[in-house]
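When the letters of the sequence shown are read in order and numbered with this note's numbering, they come out as residues -7 to 268. All residues carry an ideal CB built from backbone N, CA and C; glycine is no exception. Computed from a prediction, not measured in an experiment: that's the story for all the values here. Here is the structure we will look at.
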Amino acid sequence: MNSAKKPHRTLARRRLGGLLAGAAGLLLLLAQTGDALARPLKVGTSGGPVADIMNFAAERARQQDLDVQVVEFSDWVTPNEALANGDIDTNLFQHIPFLNAAIKARGYKLTPVAPTYVLPVGLFSNKVTSFDQVPENATVAIANDPVNGARGLQLLQKVGLIALKPGVADAATILDITSNPKSLRFRELEAAQLPRALDDVVLGQVSISYLMLSGGDPEKALIADGFGDPHYALQFVVRTDRKDDPEIAKFIAVYRSPEVKEYIGRKYGKFFVPVW
């Protein structure tokens, strides 16, 4: 009698075990989903005013129940690496020419999804107040990254200190200089180091953002570019497989709101020009 019931008991135990395992698996899945939903949207950016504006927008987003974590980077290489690796969800620090150069060099699958504002680059000096005062053999500092170094060279060409090969535009390097009547010498540095180099060189190309971060006065630019030029508008960039992500789109809509635009204009005036 007892022996006849054993198979039924065994089967019941197996079914119960299967149900418990299934329930445990469902609970684990729900817990993982809950964790994923609870994670903040991580937005990478550079420091100074760029981060300040981002933090202002992030606070507006939190008021709309969108948790945003701002991740600041001290260089212009790591933000794209972090985005490509999935460590952050989107970044805002670069214009399309810079992004295209990074994609070409490193094969990133990244896509720009929304322009924000134009961040000018200028030529500054702690030693001269006009370009005709630049002496022979003067040292000039420019950015060492593709495209932004070209911006510095194009500014130098615009004021007549050098000439470049026709048509090089964003691809210009010091190898493309065809005329250098004052025999200028060039020092190529990371963008973040350029404000500190102004005491050591006659002229320096400096991003307005890094200049402000270092306490410099953007009004002292001898010449600057990019005011309102959408070619140099900083872009929200995402991994290509997330270009239609609704959470990222929601934050971008908060960022590109009249409230954030008013904040930019009130705090940074002509030096940060929104293009939305």
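Straight-line Cα distance separating residue j from residue i
i      : j      : result
Tyr247 : Ser66  : 22 Å
Ser199 : Glu180 : 14 Å
Leu214 : Thr170 : 23 Å
Asp191 : Asn118 : 6 Å
Ile45  : Lys235 : 22 Å
Ile95  : Val230 : 12 Å
Ala135 : Ala30  : 40 Å
Leu111 : Ala155 : 25 Å
Leu102 : Asp124 : 43 Å
Gly40  : Asn92  : 24 Å
Tyr224 : His87  : 5 Å
Pro266 : Ile256 : 8 Å
Leu147 : Lys174 : 16 Å
Lys259 : Met204 : 12 Å
Pro250 : Ile244 : 12 Å
Delimiting residues of the beta strand (DSSP E) encompassing residue i
i      : result
Phe48  : Segment Pro41 to Arg54 is the alpha helix (DSSP H) holding Phe48; no beta strand (DSSP E) there.
Gly196 : Leu195 to Ser199
Ile169 : Ile169 to Ser171
Thr131 : Thr131 to Ala135
Glu180 : Arg177 to Leu181
Same chain only: Cβ atoms within 6 Å of residue i, ignoring 5 sequence neighbours per side
i      : result
Gln24  : Per-residue confidence for Gln24 stands at a pLDDT of 44, beneath the threshold of 50, marking its modelled position as unreliable; the derived number appears in the next sentence. Closer than 6 Å at the Cβ level, and outside the excluded window around Gln24, lies no residue.
Trp268 : Arg248
Ala271 : No answer is possible for residue 271: it lies beyond the span of the chain, which begins at -7 and ends at 268.
Phe90  : Val139
Presumed contact (8 Å Cβ cut-off) between residue i and residue j, rounded CB distance
i      : j      : result
Ile240 : Leu33  : 7 Å
Arg188 : Ser206 : 7 Å
Ala74  : Tyr100 : Going by Cβ atoms, the distance from Ala74 to Tyr100 rounds to 11 Å, so no, they are not a contact pair.
Leu176 : Val132 : 5 Å
Val69  : Val35  : Contact flag wrong, Cβ pair sits at about 17 Å.
Ala183 : Asp137 : 7 Å
Thr37  : Glu64  : 6 Å
Same chain, Cβ closer than 8 Å to residue i, five either side skipped, listed in chain order
i      : result
Val252 : Ile45, Phe48, Ala49, Arg52 and Val246
Asp233 : Lys101
Val273 : For residue 273 there is no data in the structure shown, the boundaries of the chain being -7 and 268.
Val194 : Ser117, Lys119, Val120, Val126, Pro127, Ala130, Thr131 and Val132
Cβ pair residue i, residue j closer than 7 Å
i      : j      : result
Gly114 : Ala43  : no
Pro71  : Gln227 : no
Tyr109 : Phe264 : yes
Gly144 : Gln197 : yes
Run of the alpha helix (DSSP H) containing residue i, from where it starts to where it stops
i      : result
Phe90  : Ile88 to Arg98
Val246 : Pro238 to Tyr247
Tyr224 : It is not in any alpha helix (DSSP H) - Tyr224 carries neither H nor E in the DSSP assignment.
Glu251 : Pro250 to Tyr260
Own chain partners of residue i with C-beta closer than 7 Å, once the 5 adjacent residues on each side are dropped
i      : result
Lys242 : Leu58
Asn172 : Ile154
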